[in-house]
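In our numbering, the protein residues as written are 79 to 513. Below is one structure, written out as structure tokens, with a few remarks after it.
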Ligand SMILES: NC(=O)c1ccc[n+]([C@@H]2O[C@H](COP(=O)([O-])OP(=O)(O)OC[C@H]3O[C@@H](n4cnc5c(N)ncnc54)[C@H](O)[C@@H]3O)[C@@H](O)[C@H]2O)c1
């Protein structure tokens with residue numbers, strides 16, 4: 079395929095070398111003539127493992143060249159990749175100026191071109207950019223999105239220092255577009271890359287890179303804070319974190335990464351508090367770890383606010399324990415929400431088929447009776463009572479016999495889903511906590 083690459087920085091330079099190696103004819107474009115000259119000499123614009131060799135090889139094979147003439151680049155290619163920079167503005171937003179300028183340049187090139195053109199956004203951009211660029215290109219080219227050109231979002235996941243390896247062996251390739259031609263063009267560009275090819279919603283593709291990088295930043299700061307506390311305790315933090323990463327069932331895995339309700343139970347809140355207290359004893363500030371509990375409190379407040387925002391007084395709760403499949407009520411986050419609602423005079427009914435008050439004992443029993451002394455009055459063994467007598471139903475457990483009934487319940491009832499049950503989403507008055 080004939081490809082033009084707008085922006086010859088880290089992403090653009092790696093793309094040129096790797097796309098040429100995959101067999102494509104690649105034409106780089108940059109506003110900086112020095113970068114264009116380097117590529118035309120068969121040299122990379124960046125320092126990066128294996129890239130010099132790829133650029134030299136591609137140039138020698140006649141597959142790589144570069145120009146400052148963006149109109150020519152559009153005319154001579156079927157696809158343009160946008161790899162221009164998106165630095166922060168002073169306020170912290172992404173500066174979309176370079177993306178906009180490059181899109182306008184592509185639009186100007188399109189004026190002189192008859193065949194269909196695919197624009198692929200490789201830069202990290204704010205959600206909404208794909209659709210906005212369609213409008214911008216239409217405005218400046220007089221061409222029609224979907225008919226004369228299309229825009230595909232295809233976020234880049236490479237790491238500097240390992241960029242070439244990451245380009246050829248990504249964990250996945252993500253593409254999104256409202257044009258099937260655009261998706262199929264991207265599929266054929268990457269056909270030699272052995273990785274899952276995921277076609278997703280455009281907004282998901284656009285926000286994914288922010289989420290990835292924020293998580294990477296979170297991991298680094300978390301490990302640093304753990305290191306800081308371990309140093310005070312004379313514990314080898316590097317050995318510790320190597321061990322930590324060996325648990326790829328619970329620690330380095332998709333476990334605990336689904337948006338939903340607050341955490342609770344007999345372990346997480348207690349041990350988190352204990353670690354925070356050790357840090358406090360050493361006068362250590364650990365902003366990430368210190369604030370985990372605050373974030374959790376806000377998630378409970380979110381549910382309280384969702385309920386109070388509906389202006390209904392009769393509230394049904396499905397699921398009282400801290401997670402499904404257990405009768406452990408200790409620090410169950412829904413209990414905090416119930417307590418607050420009761421304090422404001424809401425009528426509460428609770429259904430949980432795992433919780434049998436006459437069978438619970440020990441710390442579990444003392445916790446629930448200390449927090450909700452009238453729990454016996456709130457609990458019902460008949461879910462139909464909840465369905466009939468509540469205006470708002472909070473779903474905090476997936477009891478198989480109950481979900482079907484909830485899905486078919488009176489459309490005037492409000493459903494607040496804390497655990498993401500697809501079947502309920504068709505209900506007219508459905509709200510998910512974080513979706
Ligand atoms: N660097 C990374 O590791 C990395 C990884 C993934 C994604 N990204 C994202 O990719 C994008 C590019 O990042 P980068 O590090 O390669 O940026 P960079 O600053 O190294 O390169 C951007 C290039 O774009 C050129 N440019 C600006 N306007 C232009 C225009 N109108 N036409 C042609 N060229 C133009 C600049 O001269 C510069 O050479 C950013 O959105 C970034 O967030 C970067």
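All residues carry an ideal CB built from backbone N, CA and C; glycine is no exception. Please read these numbers as outputs of a predicted model, since none were measured by experiment.
Selection 415, 434 and 431 evaluated against residue 425 yields 415 as nearest (Cα-Cα). The stretch 240 to 283 contains, as complete beta strand (DSSP E) runs of 3+ residues, the segments 251 to 253 and 275 to 277 (chain order). Residue 370 and residue 241 have their alpha carbons spaced roughly 33 Å apart.
Every alpha helix (DSSP H) of 4 residues or more that sits fully in the stretch 171 to 208 is shown, in chain order, as 175 to 188. In the DSSP secondary-structure assignment, residue 144 is bridged to 106.
Within the same chain, 337 come within 6 Å of residue 512 by CB-CB distance, once the 5 residues on both sides are set aside. At a Cβ-Cβ threshold of 8 Å, residue 489 and residue 506 count as neighbours. The Cβ atoms of residue 88 and residue 124 lie closer than 8 Å to each other. Between residue 249 and residue 327, the alpha-carbon positions lie close to 18 Å from each other.
Relative to ligand 1, even the nearest heavy atom lies 7 Å or more away from the CB of residue 96.
In the DSSP assignment, the residues bridged to residue 425 are 392. Counting along the chain, the unbroken alpha helix (DSSP H) around residue 480 starts and ends at 478 to 485. In the three-state reduction of the DSSP assignment, residue 444 falls in the helix class. A straight-line Cα-Cα distance of about 28 Å links residue 482 and residue 417. For residue 436, DSSP records no beta bridge to any residue. Taking 7 Å as the cut-off, one finds at least one heavy atom of ligand 1 near enough to the beta carbon of residue 201. Excluding the 5 residues flanking it on each side, residue 268 has same chain C-beta neighbours closer than 6 Å at 251, in chain order. Per DSSP, reduced to three states, the secondary structure at residue 382 is helical. The count of Cβ pairs closer than 8 Å, one atom from the stretch 259 to 273 and one from the stretch 310 to 329, stays below three, leaving the stretches out of contact. The Cβ-Cβ distance between residue 494 and residue 484 does not fall below 8 Å. Beyond the five residues adjoining it in sequence on each side, residue 167 comes within less than 7 Å, by CB distance, of 173 in the same chain, given in chain order.
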